[in-house]
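Student: After the structure tokens below, expect a handful of questions from me.
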Amino acid sequence: MKNFFITLIIFLASCTNQSKQSASNSQPDTLQTQPKNQWIERTYLIQKRFYEVYTAGWEGANGAIGDAYLFRATHDSSILTRYENQFDLKQLNNGTWVDDRAWICLAEYYWWEFSGRKNSAWINDAKQRYTEARTEGRLSHHEGFWSWYNYPPHWNVNEQIITNSNMNQLVGVACKLFEATGDKRFLDDALLVWEGDRNVPGVEKTFYRGNGIWEGKGGRAAFGKQLPWESASYLSVLAALYKATGNEKYKTIAVASAKHILDPKTKWIDSADCYQIHMDGNGAFVHFLLDAYEIAPKELSDVPTKIEKMLDHVWTNNHGHALVILHREYDHGIRNGWNPNGGEDGYNVDEVGTVHAQSQALRAFGVFAYFHNLATDRKENK
3 MKNFFITLII FLASCTNQSK QSASNSQPDT LQTQPKNQWI ERTYLIQKRF YEVYTAGWEG
63 ANGAIGDAYL FRATHDSSIL TRYENQFDLK QLNNGTWVDD RAWICLAEYY WWEFSGRKNS
123 AWINDAKQRY TEARTEGRLS HHEGFWSWYN YPPHWNVNEQ IITNSNMNQL VGVACKLFEA
183 TGDKRFLDDA LLVWEGDRNV PGVEKTFYRG NGIWEGKGGR AAFGKQLPWE SASYLSVLAA
243 LYKATGNEKY KTIAVASAKH ILDPKTKWID SADCYQIHMD GNGAFVHFLL DAYEIAPKEL
303 SDVPTKIEKM LDHVWTNNHG HALVILHREY DHGIRNGWNP NGGEDGYNVD EVGTVHAQSQ
363 ALRAFGVFAY FHNLATDRKE NK
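Okay, so the sequence shown: first residue is 3 according to this note's numbering, each after it adds one.
Following this line, the structure appears as structure tokens:
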């Protein structure tokens, strides 16, 4: 009888171990199973705070873009599941300004592309959002050049009807929808805004002066300034146009513009730590630069190094010398502006860890984590 109980105990212990192993194997990927890459790890820490403050609008879309790139780097299925269910991209609110839906459309496209181009519902939803904006008349030339506007020119709203490079992120959306669907009407729209037609110029002729230099109307960054990120504004659009058409002109302008914005002589970035001195929207700023780098890695080989300095500056609170909080260490909340002395122009730059600030941080760190991980993999495979 004694031997029977001993045998029974051993058998039950074996079953328990097998059950634990099976449960472990069924769990989605987590940070612990990812490569020991500090940028991936830092992105996961920022992500946790983003999930706590998430809202289903354009801020949520910016964070979703960062998460899409983190998924691209890690293949962590739990992130994909979250955007298929808990944070359903199709339920994001378009907001009022047209750039709100541009960020949403981009998030839907990136998740569609990076998850294997299987979920057509994301592309269909992006098409619907874009088409609605087009039907409403937000694509216009009423100021003498083709552009997307925050509101249609004929609408009676209690604020200024403007255009800037935020609005024209829909040009990049149109290129991506063309790539996803093959519908040339999207590409025709993109080229109309960029190149203009026989009678009305487009963005390039209106604002580009050559050699990476752009000139536009001034004003507050969020309300009236036509180039909120100076020449970085259109890098993602140029990259999308280049991918959609193969026209080398777009790549040439992107390279020249990125070099101009990253030249410390322009006084747009800090010469040592490369952070953006003047504005908020740092997640978009980082993504713009890396989009240009992706189409011209040889010509812009210094971009990843400069962005790494920028993000390390944020993570370390300017190496311990920042006069404002850039990285709140107890919950990894990130400030919406990255100048260590404060004083930037922009939208709620002093917020730390709010959905706006955290979504921009997740976008910056997530996109960079992908490119850093890609470069690491290439080195290891040589």
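C-beta atoms are modelled at their ideal positions from N, C-alpha and C, and glycine is treated no differently.
All of these numbers come straight from a predicted model, not from anything done at the bench.
Return the residue from the list 186, 148, 243 and 170 that minimises the CA-CA distance to residue 202.
Tutor: Numbered from 1 along the sequence shown, position 200 holds the residue referred to as residue 202. The shortest Cα separation from residue 202 among 186, 148, 243 and 170 belongs to 148.
Student: If distances are taken between C-alpha atoms only, which option among 146, 246, 234 and 220 comes closest to residue 191?
Tutor: Here the question's residue 191 lines up with position 189 in the sequence shown. When each option's Cα is compared against that of residue 191, the closest is 246.
Student: Tell me which residues share the same chain as residue 273 and place their Cβ nearer than 8 angstroms to its Cβ, disregarding the 5 neighbours each side in the sequence.
Tutor: Stepping through the sequence shown from its first residue, residue 273 is reached at position 271. The residues are 266.
Student: In the DSSP output, what is residue 171 paired with across the bridge?
Tutor: Position 169 of the sequence shown holds residue 171. Bridge partners of residue 171: none, in fact.
Student: Looking only at DSSP bridge pairs, what is residue 68 linked to?
Tutor: Taking the first residue of the sequence shown as 1, we reach residue 68 at position 66. Bridge partners of residue 68: none, in fact.
Student: Bridge partners of residue 212, per DSSP?
Tutor: As a working note, residue 212 is residue 210 in the sequence shown. According to DSSP, which records beta bridges pairwise, residue 212 is partnered with 215.
Student: In angstroms, rounded to a whole number, what distance separates the CA positions of residue 244 and residue 332?
Tutor: Mapped onto the sequence shown, residue 244 falls at position 242. Mapped onto the sequence shown, residue 332 falls at position 330. About 42 angstroms.
Student: In whole angstroms, what is the alpha-carbon distance linking residue 131 and residue 83?
Tutor: As a first step, residue 131 is located in the sequence shown; it is residue number 129 there, counting from the start. As a first step, residue 83 is located in the sequence shown; it is residue number 81 there, counting from the start. Distance between the alpha carbons of residue 131 and residue 83 is about 23 angstroms.
Student: So what does residue 203 bridge to, in DSSP terms?
Tutor: As a working note, residue 203 is residue 201 in the sequence shown. 198, per the DSSP bridge assignment.
Student: According to DSSP, is residue 285 part of a helix, a strand, or is it coil?
Tutor: Within the sequence shown, the letter at position 283 stands for residue 285. The answer is helix: DSSP assigns residue 285 an H, G or I state.
Student: Count the other CB atoms, across all protein chains shown, that sit within 10 Å of the CB of residue 80; report buried if there are 16 or more and exposed otherwise.
Tutor: Reading the sequence shown from its first residue, position 78 is the one you call residue 80. Result: exposed.
Student: Within the chosen definition, does the stretch 317–332 reach the stretch 191–200 through at least 3 CB pairs nearer than 8 angstroms?
Tutor: No, they do not touch.
Student: Quick one: residues in its chain with C-beta nearer than 6 angstroms to the C-beta of residue 299, no 5 flanking neighbours on either side, listed in chain order?
Tutor: If you number the sequence shown from 1, residue 299 lands on position 297. Within the same chain, residue 299 has no close Cβ partners at all.
Student: Closest to residue 104 by C-alpha separation, out of 156, 87, 129 and 117, would be which residue?
Tutor: Counted from its first residue, the sequence shown places residue 104 at position 102. Comparing Cα-Cα distances from residue 104 to each of 156, 87, 129 and 117, the minimum goes to 129.
Student: In this structure, what does DSSP give as the bridge partners for residue 329?
Tutor: Position 327 of the sequence shown holds residue 329. Note: residue 329 sits in a beta bridge opposite 336.
Student: Check the DSSP bridge columns for residue 150 and list the partner residues they point to.
Tutor: As a working mapping, residue 150 is identified with position 148 in the sequence shown. DSSP, once it has assigned bridges, lists 141 as partnering residue 150.
Student: Quick one: what's residue 225 bridged to in DSSP?
Tutor: To locate residue 225, count along the sequence shown from 1; it is residue 223. Answer by DSSP bridge pairing, in chain order: 222.
Student: For residue 44, which residues from the same chain have a beta carbon less than 7 angstroms from its beta carbon, with the 5 sequence-adjacent residues on both sides left out?
Tutor: Stepping through the sequence shown from its first residue, residue 44 is reached at position 42. Excluding sequence neighbours, residue 44 sits near 317 and 367.
Student: Taking buried to mean at least 16 other C-beta atoms within 10 Å of its own C-beta, is residue 293 buried or exposed?
Tutor: Along the sequence shown, read from residue 1 onward, the residue named residue 293 stands at position 291. Residue 293 should be labelled buried.
Student: Is residue 284 near residue 228, with beta carbons less than 9 angstroms apart?
Tutor: Sequence index remark: in the sequence shown, residue 284 carries index 282 (1-based). Sequence index remark: in the sequence shown, residue 228 carries index 226 (1-based). Their beta carbons are not under 9 angstroms apart, which means residue 284 does not touch residue 228 by this criterion.
Student: Could you have a look at residue 364 and say whether DSSP puts it in helix, strand or coil?
Tutor: Residue mapping note: residue 364 aligns to position 362 of the sequence shown, counting from 1. Note: residue 364 maps to helix in three-state DSSP.
Student: Does DSSP put residue 347 in a helix, in a strand, or in coil?
Tutor: Start at 1 with the first residue of the sequence shown, and residue 347 comes out as number 345. Strand, per DSSP.
Student: Near residue 342, which residues of its chain fall below 8 angstroms by C-beta distance, leaving aside the five closest residues on each side in sequence?
Tutor: The residue labelled residue 342 in the question sits at position 340 within the sequence shown. For residue 342, where only same-chain residues beyond five positions count, the Cβ hits under 8 angstroms are 277, 315, 319, 320, 323, 324, 325, 326 and 328.
Student: Could you pull the start and end residues of the alpha helix (DSSP H) that residue 2 belongs to?
Tutor: Given a span of 3 to 384 for the chain in the structure shown, any question on residue 2 remains unanswerable.
Student: Thinking C-beta only, is residue 51 closer than 9 angstroms to residue 362?
Tutor: On the sequence shown, position 360 is the one that residue 362 refers to. On the sequence shown, position 49 is the one that residue 51 refers to. No, these two residues do not count as a Cβ contact at 9 angstroms.
Student: Counting pairs of beta carbons, one from the stretch 53–61 and one from the stretch 100–119, are three or more of them closer than 8 angstroms?
Tutor: Flag = yes, the stretch 53–61 and the stretch 100–119 touch.
Student: Hey, could you find the ends of the alpha helix (DSSP H) residue 305 is sitting in?
Tutor: Position 303 of the sequence shown, counted from the first residue, corresponds to residue 305. Run containing residue 305: 305–317, per the alpha helix (DSSP H) assignment.
Student: For my contact list, residue 90 and residue 110 are in at a C-beta cut-off of 8 angstroms; report their separation, rounded to the angstrom.
Tutor: For the purposes of this step, residue 90 is identified with residue 88 of the sequence shown, where counting begins at 1. For the purposes of this step, residue 110 is identified with residue 108 of the sequence shown, where counting begins at 1. About 11 angstroms separates the two Cβ atoms, so there is no contact after all.
Student: Report yes if the CB atom of residue 70 is closer than 9 angstroms to the CB atom of residue 113, and no otherwise.
Tutor: To locate residue 70, count along the sequence shown from 1; it is residue 68. To locate residue 113, count along the sequence shown from 1; it is residue 111. Closer than 9 angstroms, so yes.
Student: Could you check the C-alpha separation between residue 290 and residue 159 for me, to the nearest Å?
Tutor: Locating residue 290 in the sequence shown gives position 288, where the first residue counts as 1. Locating residue 159 in the sequence shown gives position 157, where the first residue counts as 1. Going from the Cα of residue 290 to the Cα of residue 159 covers about 31 angstroms.
Student: Residue 74: buried (16+ other C-beta within 10 angstroms of its C-beta) or exposed?
Tutor: Position 72 of the sequence shown, counted from the start, is the residue given in the question as residue 74. The residue is buried, with at least 16 neighbouring Cβ atoms inside 10 Å.
Student: Just confirm the distance between the C-beta atoms of residue 255 and residue 240, as a whole number of angstroms; I'd bet it's less than 8 angstroms.
Tutor: Counted from its first residue, the sequence shown places residue 255 at position 253. Counted from its first residue, the sequence shown places residue 240 at position 238. That pair is a contact at about 6 angstroms.
Student: Would residue 287 be called buried (16 or more neighbouring beta carbons within 10 Å of its own) or exposed?
Tutor: Along the sequence shown, read from residue 1 onward, the residue named residue 287 stands at position 285. Per the 10 Å Cβ criterion, buried.
Student: Looking at the secondary structure, which residues open and close the alpha helix (DSSP H) in which residue 83 lies?
Tutor: As a position in the sequence shown, residue 83 is number 81, starting the count at 1. Unbroken alpha helix (DSSP H) run through residue 83: 79–86.
Student: For residue 12, collect the residues of the same chain with a Cβ closer than 6 angstroms to its Cβ; drop the 5 residues on either side in sequence, then sort them by chain order.
Tutor: As a working note, residue 12 is residue 10 in the sequence shown. Any reading at residue 12 is ruled out, since the residue's pLDDT is 43, under 50, leaving its predicted position unreliable.
Student: Looking at residue 88 and residue 68, is the spacing between their C-beta atoms short of 9 angstroms?
Tutor: For the purposes of this step, residue 68 is taken as residue 66 along the sequence shown, with counting starting at 1. For the purposes of this step, residue 88 is taken as residue 86 along the sequence shown, with counting starting at 1. No, they are not a contact pair.
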